[in-house]
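Visitor: I have a structure I would like to understand better, so I am pasting it below and will then ask my questions one at a time.
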Amino acid sequence: MTVSLSIKEVPESLAERLRQRAARNHRSLQGELMSILERAALDDASSNTRSAPPSSSQQDQPQTASAQRGWKSIEQIAAEHLARFPKPIASGPRAVDIIRAERDSR
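Numbering (my numbering), first residue to last: 11 to 116.
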């Protein structure tokens with residue numbers, strides 16, 4: 011379920027700065043505002059989790075809306091990959107050989 015939020019009487023100078031920020035980030039104004047809200051919720055959630063240990067119900071659910079949308083840092087992705095595949099794959103074709111075979115087949 012989604013919720014619509016509304017902010018009334020936003021000063022024009024602030025609205026213009028938000029539009030410019032959205033353009034710099036290649037987003038719509040709506041997308042930029044969603045990003046700001048998600049980041050604020052993430053910061054709030056992370057400060058709350060540092061002060062108190064997570065309950066079992068919190069551990070079962072994703073920590074943030076951004077985690078549900080698949081936004082992860084390179085460091086998070088690398089750590090997850092290392093946890094899933096602690097040892098390098100020793101067998102199998104090399105990527106360069108696969109690409110050459112594909113090129114040669116044309």
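Yeah, the Cβ is synthetic: ideal placement off N, Cα and C, and Gly gets one too.
#1: Isoleucine 108 to aspartate 114, Cα distance in whole Å?
#2: Could you please give the first and the last residue of the uninterrupted alpha helix (DSSP H) stretch that includes serine 38?
#3: Among the residues of its own chain, which have a CB less than 8 Å from the CB of leucine 39, if the five just before and after it don't count?
Guide: Let's see:
#1: 10 Å
#2: Element bounds for serine 38: n/a, residue is neither H nor E.
#3: Leu28, Arg29 and Ala32
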